[in-house]
Amino acid sequence: MVIRSDVVDDPDAWMVAAHQWRPSAIITGGAALRALHGLPIGFPIVVADHLDRASTERVRFLRTRFPPELLIDEGAGAFTVDEVSVLVCAALGDFAPVCHALREEWVTLDTLHEAAALLPPRSWLGMAAPELLRDLRDTPWSVAELLVQRHLRKARITGWVANPTLIIAGKEYEPDLLFRRRRLIVEVVGLEFHSGKEAVRRDISRAADLLAAGYRIVSVTADMVKFEPERVLGLIASQLGWYELRGSTWAVPGISARRTA
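Under my numbering, the first residue of the sequence shown carries the number 12, and numbering increases by one thereafter.
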């Protein structure tokens, strides 16, 4: 298969080439999300086949099969449904497409479980799916949110929900995390959604409404979550009480909880 030099850096051209080279090949992972939704994901494109093939910088081959119910035939070739595509991304260590798909409601936890139930249980993805679904059970909308959720679960800090809907002053808000008993909101601030004049105005107005309604807000950055998780957990725990920390590994002055090594 030969690709013209002017499209050699175009992932879409490589997907077309993969289908022309082997019509039975299945485009999956981020490449399938790019083809079906325009998600801006680059190389490598992920191609599923039933034969062992050496991966390259541009194409990653997976030796696996998918049931026909989990495939979409676009005429020129087959792609996996969104649920399988995001699970493949997660299984390969890339959670950003999964969080994006959950945020945009391309998939839900229910549809992910339904798709996982159709996977052959001894297949590569079928064996990985249960752990991946446990990791995604609180519907993270960003990788930073996913990391915060992991840290909270590992520290056994409870009493929180992710992305709840709050109606305040006629406006709808969906904070990243909410500890209902403490009326404590945890927001993960990232440059993608919180930079620029309009974003700053929106965030200030949003915070004013939440504070006026009696909520407290703890804001952390994505970098803090990634590189200083203990600092983030300590900050959150300092605002909580016995109920949320009763089984945790964190100790806050005046609260009976323990910190382990």
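Positions of the beta carbon are idealized from the N, C-alpha and C atoms, including for glycine.
- Between the C-alpha atoms of Asp105 and Gly181 there is a straight-line separation of about 37 Å.
- Of the residues assessed, Asp23 falls on the exposed side of the cut-off, its CB having fewer than 16 other CB atoms within 10 angstroms.
- Of all alpha-carbon atoms in Gly225, Trp253, Leu144 and Ile247, the one lying nearest the alpha-carbon of Glu125 is that of Leu144.
- The alpha-carbon of Asp220 is positioned some 7 Å away from that of Ile179.
- Assignment of Ile178 by DSSP, reduced to helix, strand and coil, places it in the strand class.
- Cβ-Cβ separation between Ala87 and Val27: approximately 7 Å, consistent with a contact (criterion under 8 Å).
- Residue pairing by DSSP puts Glu198 in a beta bridge opposite Ser230.
- Assignment of Val95 by DSSP, reduced to helix, strand and coil, places it in the helix class.
- Unbroken beta strand (DSSP E) stretches of 3 residues or longer found wholly inside the segment 77–139: 82–84 and 89–91, given in chain order.
- Within the same chain, and ignoring the five residues on either side of Pro132 in sequence, the residues whose Cβ sits closer than 8 Å to its Cβ are Met138.
- Contact check for Ala29 and Val58: beta-carbon distance about 5 Å, within the 8 Å limit, so the pair qualifies.
- The alpha-carbon of Leu62 is positioned some 14 Å away from that of Trp135.
- Here Leu222 is exposed, its C-beta having fewer than 16 other C-beta atoms within 10 Å.
- Trp261 and Trp253 have their C-alpha atoms some 11 Å from each other.
- DSSP, read as helix, strand or coil, puts Phe72 in strand.
- Secondary-structure assignment with DSSP links Glu183 through a beta bridge to Ile178.
- For Asp23, the enclosing alpha helix (DSSP H) starts and ends at Pro22 to Trp32.
- The shortest CA-to-CA distance from Ser153 to any of Gly53, Val199, Thr176 and Leu251 is the one to Val199.
- Burial state of Gly53 is exposed, judged by a 10 Å Cβ sphere holding fewer than 16 other Cβ atoms.
- Assignment of Asp63 by DSSP, reduced to helix, strand and coil, places it in the coil class.
- Going by beta carbons, Val99 and Thr150 fall outside the 8 Å limit.
- Nearest to Glu85 by C-alpha distance, out of Asp60, Leu120, Ala36 and Glu94, is Ala36.
- The beta carbon of Glu183 is closer than 8 Å to those of Thr176 and Leu177 in its chain, skipping five residues each way along the sequence.
- Under the three-state reduction of DSSP output, Ile56 falls in the strand class.
- Just measuring C-alpha positions, the residue of His111, Arg15, Ile14 and Arg212 sitting nearest Pro51 is His111.
- For Trp171, the enclosing beta strand (DSSP E) begins and ends at Trp171 to Ala173.
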